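Enquirer: Read in the working numbering, the sequence shown has 116 at position 113, and its numbers run on one by one without any break.
No residue lacks a Cβ here, since even glycine has one placed at the ideal position from N, Cα and C.
Because the structure is a prediction, the values reported are computed rather than measured.
Starting off with a structure, shown below.
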Amino acid sequence: MTANPRFCGIDTGERCALAVRERGGEAARWVYFEAPPIERLVERCGRIFAHLGVEGMVIDGGPHTQAARAVHDLLPAGAFLWRHTEGEMAVKEAEFLHVSRRHVRLNREELLDLLVEEFHQEAAPVRWPRPRTEQEEALLGAVEAQLMNLRKSRRGNGERPFRYERNENHFGFACAFAKLAEELLEREGGLAPHAGATLLPAPSGGPGGTEGARRIFRRD
């Protein structure tokens, strides 16, 4: 691993959401976002992984399974295919057409909690790239808006009465996948654990809250 390793998360769809984060210091630093169409995803990932030095990656394993496998194979040593499942997180290898790939199974709520809890740490604000063009400004605005959509509301009873709302949050998933990639490689021993920070109670607004919004992002 490099001194400041980088991790990528990808949520697939007709228009995908891709996020790259860098580990270094106490606060997360997000270095790149993109929304490529599915037909260009493999090509774009090949360029992005090489240019940004991505070392770990988690991609949504469906519904575009063929594209997800192809992206995984660009970075086989540090890549995982994600599938939603109930129960505890599990990582296993599965073979398809004589190619072994690692799969991580984790339910949607716990996946998003990984990211949202980081937003509420008692540390510096999450660091965003500074946009250089109007197009980048618009994309970053869309990313921030979708992350603010990560809100919980009462959607049932039982152990998890409050669940994340079903709204537009493709970049929320992409960022959560990038965070998960970092967690997985840390568990494998390729990374030293974070120094740690105290978690604050979830605020009423912003990611993980139930109403309103607050700015928790800092643009570098």
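Does the stretch 16-36 touch the stretch 168-175, meaning 3 or more C-beta pairs lie closer than 8 Å?
Expert: With the cut-off at 8 Å, the stretch 168-175 and the stretch 16-36 touch.
Enquirer: With a Cβ-Cβ cutoff of 8 Å, do V94 and I13 count as a contact?
Expert: Contact: no.
Enquirer: Checking 8 Å against the spacing of the C-beta atoms, do G59 and E185 come in under that value?
Expert: Yes, the Cβ-Cβ distance between G59 and E185 is below 8 Å.
Enquirer: Any chance you could list the beta strand (DSSP E) runs of at least 3 consecutive residues sitting entirely within the stretch 31-97, in chain order?
Expert: Here the runs fully enclosed are 32-37, 57-63, 82-86.
Enquirer: In terms of residue numbering, what span does the beta strand (DSSP E) encompassing C19 cover?
Expert: Looking at the DSSP string, C19 is not in any beta strand (DSSP E), and its letter there is neither H nor E.
Enquirer: Under DSSP, the beta strand (DSSP E) around H106 begins and ends at which residues?
Expert: Here the beta strand (DSSP E) through H106 covers 102-108.
Enquirer: Closest to P66 by C-alpha separation, out of G16, L77, R133, would be which residue?
Expert: For P66, the nearest C-alpha among the options comes from G16.
Enquirer: At the level of alpha carbons, what is the spacing between H101 and V34?
Expert: The alpha-carbon atoms of H101 and V34 are separated by roughly 35 Å.
Enquirer: Spatial neighbours of R157 within its chain, please: C-beta separation below 7 Å, excluding the five flanking residues on both sides.
Expert: For R157, where only same-chain residues beyond five positions count, the Cβ hits under 7 Å are P164, F165.
Enquirer: Using C-beta distances below 6 Å, list every residue in its chain close to F10, excluding the 5 sequence neighbours before and after it, in chain order.
Expert: Around F10: R24, G59, A181, A184, E185.
Enquirer: Do I51 and A70 have their CB atoms nearer than 8 Å?
Expert: Not in contact: I51 and A70 (Cβ atoms no closer than 8 Å).
Enquirer: Count the other C-beta atoms from every protein chain shown that fall within 10 angstroms of the C-beta of H123, then say buried if there are 16 or more, exposed otherwise.
Expert: Buried, since its Cβ has 16 or more Cβ neighbours within 10 Å.
Enquirer: For C48 and G56, I'd like the C-alpha separation in whole angstroms.
Expert: When rounded, the distance between both Cα atoms is 11 Å.
Enquirer: Who are the near neighbours of L1 in its chain, counting only those whose CB is closer than 6 Å to its CB and skipping five residues on each side?
Expert: A query on residue 1 cannot be resolved here, the shown segment of the chain reaching from 4 to 223 and no further.
Enquirer: With DSSP run on the structure shown, which of helix, strand or coil describes G175?
Expert: DSSP places G175 in helix when its eight states are reduced to three.
Enquirer: My understanding is that G81 touches L188, with C-beta atoms under 8 Å, so please give their C-beta distance in whole angstroms.
Expert: Going by Cβ atoms, the distance from G81 to L188 rounds to 6 Å, so yes, they are a contact pair.
Enquirer: With DSSP run on the structure shown, which of helix, strand or coil describes G12?
Expert: If DSSP states are grouped into helix, strand and coil, G12 belongs with the strands.
Enquirer: List the endpoints of the continuous alpha helix (DSSP H) containing R111.
Expert: Counting along the chain, the alpha helix (DSSP H) containing R111 begins and ends at 111-122.
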